[in-house]
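For the sequence shown, my numbering begins at 3 and goes up steadily by one.
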Amino acid sequence: RLISKHADATLYPQALYHRAHMHFLHGRGPAAIEDSERFLKEFPRLPMAADVLLWLGDFHEATGKAEAAEKHYLGVVTSHPELPQARVALYRAARSAFRREELERATVLLAQLREMPGGEDVPRILGEAAMLHGDVLATQGRFEAAMIQFKRAEEFVDEPRFQMSAAGRVGD
3 RLISKHADAT LYPQALYHRA HMHFLHGRGP AAIEDSERFL KEFPRLPMAA
53 DVLLWLGDFH EATGKAEAAE KHYLGVVTSH PELPQARVAL YRAARSAFRR
103 EELERATVLL AQLREMPGGE DVPRILGEAA MLHGDVLATQ GRFEAAMIQF
153 KRAEEFVDEP RFQMSAAGRV GD
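Structure (structure tokens):
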């Protein structure tokens, strides 16, 4: 209530943003959604809106609402394509499609991610995307192509745990 009374304050967007985030962190879904939707309605062009859309996508994915999750993830891509969060969101949308067994959709979204300019600044996402692409291919029975993707994933991320996971998938 205090924040709402000062909607004309300079720091109102930041206060609303942080309150929405705290609601998500403390498991207060309805309040988090309410503040997030208010933020997106009032400040859709602020870069922080990309985070809010990701939080909403993550919340919906965690609560089993995959289509709603994907809608929010893709909202980042369409409204803030220049931000690094757009790559993260596109990966999460592809992961959501894969989990729903929509393999063609996942493949299209992963291709879109690979075509985004400036992806080299987020090697972790590119590595995760290569792993997911390998999983899609393996699910389709295209094991040789999957192995290539798993090996590509190892090249993107210089992190032993990640590389072990990719190497393990090659062995599977």
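Cβ atoms here follow ideal geometry from the backbone N, Cα and C, with glycine treated the same way.
{"Query": "Kindly provide the ranges of any beta strand (DSSP E) runs that are 3 or more residues long and lie completely inside the region 67–143, ordered along the chain.", "Result": "none"}
{"Query": "Could you please give the first and the last residue of the uninterrupted alpha helix (DSSP H) stretch that includes G31?", "Result": "31–44"}
{"Query": "When DSSP labels each residue in this structure, what does L4 get in the three-state scheme?", "Result": "Bear in mind that a pLDDT of 49 at L4, under 50, signals an unreliable position, so the model cannot answer this."}
{"Query": "Going straight from the alpha carbon of A34 to that of M133, what length do you get?", "Result": "32 angstroms"}
{"Query": "Applying the criterion that 16 or more other CB atoms from any shown protein chain within 10 Å of the CB defines a buried residue, is M166 buried or exposed?", "Result": "exposed"}
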